[in-house]
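Top line first, the protein sequences correspond to chains W and L. For the first sequence, the numbering used here gives the first residue as 292, with consecutive numbering after it. For the second sequence, the numbering used here gives the first residue as 4, with consecutive numbering after it. Note that the Cβ used here is the ideal one computed from N, Cα and C, for glycine as well. The block underneath contains the structure these notes are about, expressed in structure tokens.
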Amino acid sequence: EAGVAQSPRYKIIEKRQSVAFWCNPISGHATLYWYQQILGQGPKLLIQFQNNGVVDDSQLPKDRFSAERLKGVDSTLKIQPAKLEDSAVYLCASSRTGGTGELFFGEGSRLTVL
Amino acid sequence: QKEVEQNSGPLSVPEGAIASLNCTYSDRGSQSFFWYRQYSGKSPELIMSIYSNGDKEDGRFTAQLNKASQYVSLLIRDSQPSDSATYLCAVIKNNNDMRFGAGTRLTVKP
Numbered sequence: 292e293a294g295v296a297q298s299p300r301y302k303i304i305e306k307r308q309s310v311a312f313w314c315n316p317i318s319g320h321a322t323l324y325w326y327q328q329i330l331g332q333g334p335k336l337l338i339q340f341q342n343n344g345v346v347d348d349s350q351l352p353k354d355r356f357s358a359e360r361l362k363g364v365d366s367t368l369k370i371q372p373a374k375l376e377d378s379a380v381y382l383c384a385s386s387r388t389g390g391t392g393e394l395f396f397g398e399g400s401r402l403t404v405l
Numbered sequence: 004q005k006e007v008e009q010n011s012g013p014l015s016v017p018e019g020a021i022a023s024l025n026c027t028y029s030d031r032g033s034q035s036f037f038w039y040r041q042y043s044g045k046s047p048e049l050i051m052s053i054y055s056n057g058d059k060e061d062g063r064f065t066a067q068l069n070k071a072s073q074y075v076s077l078l079i080r081d082s083q084p085s086d087s088a089t090y091l092c093a094v095i096k097n098n099n100d101m102r103f104g105a106g107t108r109l110t111v112k113p
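Structure (structure tokens):
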């Protein structure tokens with residue numbers, strides 16, 4: 292079974308530029324999560340999708356972050372414009388259904404904002 | 004108060020010792036609790052889940068839950084150098100989203 296795929300693995304941008312991250316979850320997993328993990332901290336939930344609907348985006352900075360999950364499969368997370376404090380690893384995870392706790396994480400996308 | 008708090012560490016134990024990791028949570032309605040392990044530069048991976056009060060054992064790992072005290076712990080017996088990692092406590096809230104603690108870094112010294 293293929294795991295959660297993410298790209299790009301690394302991205303370096305200047306502040307105020309934009310960036311997009313892509314995630315392809317495990318086949319058949321209905322729930323998809325985007326987490327932000329700043330160095331030395333635990334993952335912070337940005338947004339949770341159930342199929343193509345948003346379950347929770349209460350911690351997503353909506354003035355600069357946006358996310359979509361088209362057709363309930365792949366997802367894209369966008370940041371525009373980026374700030375220095377957005378430097379982090381962006382983790383995508385999926386699970387069969389929400390609430391089970393067994394999340395499968397991708398390798399993450401490391402963003403550096405200069 | 005943070006939703007999920009862990010003893011900040013770092014924690015260092017000798018090989019073969021018991022490592023004890025602690026976590027408290029703020030939402031009394033939480034029902035599901037998890038421990039994830041994260042090696043440096045890698046993504047988290049699930050090692051234990053616990054849903055009811057008491058102990059749950061899986062090999063060298065034991066998770067303990069006390070809902071009245073809003074407390075979860077993880078014990079690692081016979082610690083090995085390969086157990087050196089950051090351990091993340093995670094809690095599922097009522098709306099099914101998972102919140103993580105900041106993690107405790109464990110080092111097992113040979």
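| Query | Result |
| --- | --- |
| Coil, strand or helix - W:L351 by DSSP | coil |
| Residue interval of the beta strand (DSSP E) (run including W:Y301) | Y301 to I304 |
| Assigned exposure category for L:K96 - 16 Cβ within 10 Å defines buried | buried |
| Short CB-CB distance (under 8 Å) between L:G106 and chain W | yes |
| Environment of L:D100 [buried if 16+ CB atoms lie within 10 Å] | buried |
| Which of helix, strand or coil DSSP assigns to L:D2 | Because chain L here runs from 4 to 113, residue 2 of chain L falls outside it and cannot be looked at. |
| Neighbour flag for L:P47 against chain W, beta carbons, 8 Å | yes |
| Residues, ordered as in the chain, of the stretch 333-348 of chain W that lie near chain L by beta-carbon distance below 9 Å | G333, P334, K335, L336, Q339, Q341, V346 and D347 |
| Against chain L: residues of the stretch 297-310 of chain W by CB proximity under 8 Å | none |
| Rounded straight-line distance, which links the Cα of W:K369 to that of W:N315 | 15 Å |
| Bounding residues of the beta strand (DSSP E) (the contiguous stretch that carries L:N1) | Given a span of 4 to 113 for chain L in the structure shown, any question on residue 1 of chain L remains unanswerable. |
| Whether L:R102 touches L:V111 by CB criterion (8 Å) | no |
| Pairwise C-alpha distance: L:D81 and W:R355 | 47 Å |
| Chain L contact for W:G397 (CB, 8 Å cutoff) | yes |
| CB contact below 8 Å: W:E359 versus chain L | no |
| Test: W:E393 CB closer than 8 Å to a CB of chain L | yes |
| Contacts around L:Y74, its chain only, beta-carbon distance under 6 Å, and the 5 residues preceding and following it disregarded | T27 |
| Chain-order list of residues whose beta-carbon lies under 8 Å from that of W:V310 (same chain, five-residue window excluded) | K302, I304, K369, I370, Q371, A373 and L402 |
| Coarse secondary structure for L:E60, derived from DSSP in three states | strand |
| Closest by C-alpha distance to L:S85, when choosing among L:N56, L:L109 and L:S29 | L:L109 |
| DSSP-derived helix/strand/coil call for L:K5 | coil |
| Coarse secondary structure for W:E376, derived from DSSP in three states | helix |
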